[in-house]
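Enquirer: My questions all concern the structure below.
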Amino acid sequence: SAVISQKPSRDICQRGTSLTIQCQVDSQVTMMFWYRQQPGQSLTLIATANQGSEATYESGFVIDKFPISRPNLTFSTLTVSNLSPEDSSIYLCSAGKDPQETQYFGPGTRLLVL
Amino acid sequence: EDQVTQSPEALRLQEGESSSLNCSYTVSGLRGLFWYRQDPGKGPEFLFTLYSAGEEKEKERLKATLTKKESFLHITAPKPEDSATYLCAVQADYKLSFGAGTTVTVRA
C-alpha cells in the first residue's frame, strides 16, 4: 500500500486567485492521479500526472485551468487557476505502484471559493 | 464509455441487520472492480479488488462478490462504525470510473 499526504487540507480563496495543492507519497509510484469530488457527488478524474512529461487530461478539464506538475516518482502538484465559486470542491490525489494495481487516496483538500 | 451504477443511494440499517449494496457496470475490458469506503471529510479507503466473475473477498463484516455485470457488497450484522459511503469503481486500462456511492447509516 501507499500512504499519501496532501497540503493544504483546506483553504478559502478569493475569486480570480489560484491554489496549488501538493501531494506526497511515502514510496515511489508509477501512477499518480488527481480527482475532483463536488459536494455530495462521487469522484471525477481530472488528469493523470505523468513523471517527466505533460499530464493527460480527461474530457472537460484543460491544462490552463488545472496545470499539473510531477517532478519525481513521489510528488505532484495540482494548481486550480482563476478560481470561481464553481471550483469549490474536494480535490483528491491518488497513487498506484503500477497501472493495474490498487489506487490509494490522500485525505483530500477542501477548497471554498468566495 | 464506462458506466457504473450503484444502488440504493442510501441505506438505513439497524445494528445487526444484514444487507447488500449493488454495483452494476458496463465496461470494455474489465481489469478490476474496486470497493472503497469513504467517511465524511476523508479520502476513500481501499477495501477490495475483484478481478474475475465468481471471485469473492471478505474483510470482517464485509464480503464482496463479482459477476459479469455486477458486484455486491454484503454487510453482515453491521455495527454503527460501518456507517460510511461505499464507492464502487471499475478499471479499464489504468483509470478508475466511480459510481455515485451508497451511503450506509447503521443505528445502534
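Chains as they are written, first to last, in the working numbering: chain A, 1214 to 1327; chain B, 148 to 255. Positions of the beta carbon are idealized from the N, C-alpha and C atoms, including for glycine. Quick caveat, the model's predicted, so the values are computed rather than measured.
1) Where F1279 (chain A) and I1234 (chain A) are concerned, what is the direct C-alpha to C-alpha distance, given to the nearest angstrom?
2) Do F245 (chain B) and L1256 (chain A) have their C-beta atoms within less than 8 Å of each other?
3) Examine the Cβ distances between the region 1262-1281 of chain A and the region 1315-1324 of chain A and report whether three or more of them are shorter than 8 Å.
4) R178 (chain B) to H221 (chain B), Cα distance in whole Å?
5) Using only the alpha-carbon positions, how far apart do Y1248 (chain A) and S165 (chain B) sit?
6) Under the DSSP definition of a beta bridge, which residues are partnered with A200 (chain B)?
7) In terms of alpha-carbon separation, which member of B:T173, B:L160, B:G188 lies closest to A236 (chain B)?
8) To which residues of the same chain is P227 (chain B) closer than 6 Å at the C-beta, ignoring the five residues directly before and after it?
9) Can you find the residues in the same chain that come closer than 7 Å, C-beta to C-beta, to S1214 (chain A), ignoring five residues on each side of it along the sequence?
Expert: Taking the definition as stated:
1) Taking the straight line from one Cα to the other gives about 11 Å.
2) In this structure, F245 (chain B) sits near L1256 (chain A), with a CB-CB distance shorter than 8 Å.
3) The answer is no - the region 1315-1324 of chain A does not touch the region 1262-1281 of chain A, with fewer than three Cβ pairs under 8 Å.
4) In this structure, the CA atom of R178 (chain B) is about 22 Å from the CA atom of H221 (chain B).
5) C-alpha separation (whole angstroms): 32 Å.
6) Its beta-bridge partners do not exist; DSSP assigns none.
7) Closest option to A236 (chain B), Cα to Cα, is B:T173.
8) Closer than 6 Å at Cβ, skipping near neighbours: V253, A255.
9) Correct list, in chain order: Y1317.
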